[in-house]
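Here the protein sequences line up with chains A and B, keeping their order.
Using my numbering, the letters of the first sequence map in sequence onto residues 7 to 358.
Using my numbering, the letters of the second sequence map in sequence onto residues 7 to 276.
Ideal Cβ placement from N, Cα and C applies to all residues, glycine included.
Working notes for the structure below.
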Amino acid sequence: MKKVLLIVILTVVAFGILNAETKLKMELWNRWTYQTIDGEVTKNEMALKRGYLRLEPKFGNNIKGRFNVDFFSDEDGLDGAGLKIKYAYLDFSNMLPIKDSKITVGLMKTYFGTIYDWSYQTIDKDPSDKYKFVSSTDYGFGITGYLPNGFGSYALAAYNGEGYKKTAGDINKDMNFVGNIRVTPIPGITVGGSYMMKTKNDSEIDDGTGTIIDNPDREEYAMIAGVGKFAFGPFSLLGQYLQKVTSTPNDAGVEDETETVLSVMPIFKVNDKFELLARYDINDPNTNDDDDKETTIIAGFNYHIMRDAKNAPKLFVQTNYQMTQFEDDSNDESEILVQLRWIFSETLNKGK
Amino acid sequence: MKKLILIITLLTLIVLPVLAKRGNKVTIAGSTTVLPIAQATAEIFMNNNPEINISVRGGGSSVGIAAIMAGTVDIGNASRHIKAKELASAREQGINPHENVVANDGIVIVIHKDNNVKDLTLEQVKDIYTGKISNWKEVGGPSMPIVVISRDVSSGTFEVFNKIVLNNAKCIGGALMLASNNAVVSTIATTPGTIGYAGLGYVNETVNAVKIDRIMPSKKTIRNGSYPIARTLHMYTNGAPKGLVKKYIDFILSAEGQKIVEEQGFISVK
């Protein structure tokens with residue numbers, strides 16, 4: 007079913023590119039990583055950590071698409087170039103009797119925490135992505151929109167629950183559901199929250215008579231994200247609290263495990279070219295255990311060499327120093343990351 | 007000592023650019039439709055206030071709104087309203103876009119002087135521009151092919167025509183795309199069978215203006231909103247205008263400023 011959905015979307019997108027106004031965008035991340043663990047150099051490498059090619063065809067006033075292919079020179083220790091489809095969705099606007107709302111169908115954003123609008127101001131990922139709470143995109147459908155007068159945004163969506171990397175066999179048979187709201191009561195102060203309900207059952211068991219059936223015991227996940235943003239002049243502060251409760255059935259009943267993440271990120275924009283930033287993350291994978299916590303401290307700056315007419319970054323350098331300390335006996339990890347990001351875009355068939 | 011030098015250097019890097027900002031300068035960017043109003047009013051305003059420097063550039067409405075959101079200009083010009091997405095994003099970033107309406111604009115459908123068609127519906131105009139209607143006799147005129155004239159797609163006039171009349175439908179392939187309001191009016195004046203559109207200020211007695219949905223385009227019908235192909239033109243500021251920006255916008259909204267607006271071919275807001 008998912009393959010059919012993907013083929014339909016790809017066909018529509020390909021047709022659209024030939025016939026409709028289409029925005030073409032490409033972004034590349036060239037990164038140098040220098041990592042030491044306990045004083046030993048463990049990484050000293052340059053790589054194309056990520057690049058993407060994005061097509062956004064506009065089929066008319068109310069239908070827009072996004073198709074995005076991600077590519078990279080390595081991932082998780084695998085050599086050679088990799089390629090993944092990251093987005094393949096269509097947005098249908100003005101289909102609902104709700105102003106400024108749209109329906110999205112396909113491989114789409116996951117509206118949880120800040121993952122859906124994370125712009126990588128630090129080289130490191132969004133906390134809910136980094137600590138594997140959710141995948142940044144997934145197959146599904148949803149309704150998103152904006153509150154009146156710029157007071158915020160909302161999203162309701164249902165997903166496969168497997169993320170964009172898994173499309174072959176062994177797909178979870180249960181759907182994921184997420185609700186997300188973000189409110190800006192006064193300019194510069196934003197609060198928001200997300201709740202994701204996920205059950206997982208991709209295993210099968212013998213029912214005792216030799217027949218293989220779906221395992222009725224589901225692993226359940228309840229995830230919440232609390233987001234607070236403060237922006238005043240050149241200073242901004244983003245705070246985020248994540249919690250994931252995993253309920254696993256076993257012989258004794260159900261065992262709960264709670265993981266929490268606290269992340270704080272202040273940014274000071276010195277001028278249009280230069281911004282200083284820091285980030286502090288505490289990840290506790292199991293709040294019942296005393297020795298599995300890890301703390302990450304990031305300090306760095308972004309230097310913008312070029313921006314486009316809309317002031318969006320076009321060419322910039324990111325430099326981060328990143329240190330991770332572990333509560334157990336593991337050695338501290340230190341990394342220096344320098345990344346050159348370059349972006350270009352063009353609109354084809356403008357006005358067509 | 008080294009630490010002291012480092013701290014002073016960092017503080018200088020941070021504080022100087024902040025202090026160096028502004029002075030007696032007002033920066034404006036955005037809509038090419040609003041550009042002539044901004045340029046003409048800025049020129050007179052600077053003549054009256056030689057100590058103030060106003061820099062004006064175009065770029066389009068999206069650029070003007072993005073510049074206000076990024077805090078890189080004092081005024082972002084736009085010939086459309088800010089979108090919900092832009093507004094929500096701006097407020098998250100601590101920016102409070104404030105809409106200052108500085109002029110009204112109406113787009114008039116014009117035809118050749120000898121054509122006896124007086125009235126069209128919005129739907130008929132759309133059908134002409136999308137090729138569904140191709141002869142004047144289908145709308146009560148003479149039996150002759152319709153020659154469609156449009157504006158280049160980068161113009162603000164095309165943008166509003168495309169949105170209000172065409173509803174983003176594709177314009178007929180054989181349409182003649184002209185670069186200015188004046189070019190549209192002069193071509194129609196000399197070519198029988200033509201139809202085009204231009205800002206109210208550019209329409210003269212060499213062509214016929216057509217009623218749309220039985221409403222004649224005029225300053226009155228555009229200002230009161232009864233004429234359908236009309237819009238307001240905006241200057242966005244971060245919050246209500248203050249200081250020099252307020253002084254300049256107050257000037258545009260004054261009798262003298264609104265006279266300049268009219269001289270530029272637009273309709274005053276008062």
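Per DSSP, the unbroken alpha helix (DSSP H) holding B:S67 starts and ends at 67 to 76. Shown here, B:S95 sits in a helix according to DSSP, grouped into three states. Taking all protein chains in view, the Cβ of A:E341 is crowded by 16 or more other Cβ atoms within 10 Å, so the residue is classified as buried.
In the three-state scheme derived from DSSP, where H, G and I count as helix and E and B as strand, B:F167 is classed as helix. B:W142 carries a helical assignment under DSSP once its states are collapsed to helix, strand and coil. Per DSSP, the unbroken alpha helix (DSSP H) holding B:L259 starts and ends at 249 to 259. Bounds of the beta strand (DSSP E) holding A:Y145 are 143 to 152. One thing to note: A:A161 has its Cβ no nearer than 9 Å to the Cβ of A:I121. Contact annotation: the region 128 to 145 of chain B does not touch the region 84 to 104 of chain B, with fewer than three C-beta pairs closer than 8 Å. For A:D290, there is no enclosing alpha helix (DSSP H); the enclosing beta strand (DSSP E) covers residues 280 to 290. Under the three-state reduction of DSSP, B:P103 is assigned to strand. With fewer than three CB-CB distances shorter than 8 Å, the region 148 to 162 of chain B does not count as touching the region 69 to 83 of chain B.
For a cut-off of 8 Å, the C-beta gap from A:T150 to A:K108 is around 6 Å, short enough to register as a contact. B:K138 and B:L172 have their C-alpha atoms roughly 12 Å apart.
By the rule that beta-carbons nearer than 9 Å mark a contact, A:T196 touches chain B. Taking CB atoms only, B:R97 has a neighbour in chain A less than 9 Å away. Against B:T78, the close residues of chain A are D278, N317, in the order they occur along the chain (beta-carbon pairs closer than 7 Å).
Three or more beta-carbon pairs drawn from the region 258 to 271 of chain A and the region 288 to 299 of chain A are found closer than 8 Å, and the two stretches are therefore classed as touching. The residue among A:D135, A:M32, A:F65, A:N277 with its C-alpha nearest the C-alpha of B:A175 is A:F65.
According to DSSP, residue pairing for A:E27 in a beta bridge involves A:K64. Cβ-Cβ separation between B:Y203 and B:V116: approximately 7 Å, consistent with a contact (criterion under 8 Å). For the pair A:K90 and A:F77, the CB atoms are nearer than the 9 Å cut-off. Counting C-beta atoms within 10 angstroms of its own C-beta, A:A87 has fewer than 16 neighbours from the protein chains shown and is therefore classed as exposed. DSSP places B:V131 outside any beta strand (DSSP E); the residue lies instead in the alpha helix (DSSP H), whose first and last residues are 128 to 136. Annotation for A:N74: Y58, R60, K92, Y93 place their beta carbon closer than 6 Å to its own, counting only its chain and skipping 5 residues before and after.
When beta bridges are read from the DSSP output, B:F272 appears opposite no residue. Of the residues assessed, A:E352 falls on the exposed side of the cut-off, its CB having fewer than 16 other CB atoms within 10 angstroms. Contact residues of the region 59 to 75 of chain A toward chain B are G66, N67 (C-beta to C-beta distance below 8 Å). In the pairwise beta carbon analysis, the region 62 to 70 of chain B is classified as touching the region 306 to 318 of chain A: at least three pairs are separated by under 8 Å.
For B:P56, the three-state secondary structure derived from DSSP is coil. Beyond the five residues adjoining it in sequence on each side, A:Q345 comes within less than 6 Å, by CB distance, of W35, R37, I129, Q324 in the same chain, given in chain order.
The beta-carbon of B:I221 is placed no less than 9 Å from the nearest beta-carbon of chain A. Collapsing the DSSP output to three states places A:Y117 in coil.
Using beta-carbon distances, B:V107 does not count as an interface residue toward chain A, since no partner is under 9 Å.
Interface criterion not met: the Cβ of B:M241 is under 9 Å from no Cβ in chain A.
Taking the beta carbon of B:L182 as reference, no residue of chain A falls within 7 Å; the closest one sits roughly 15 Å away.
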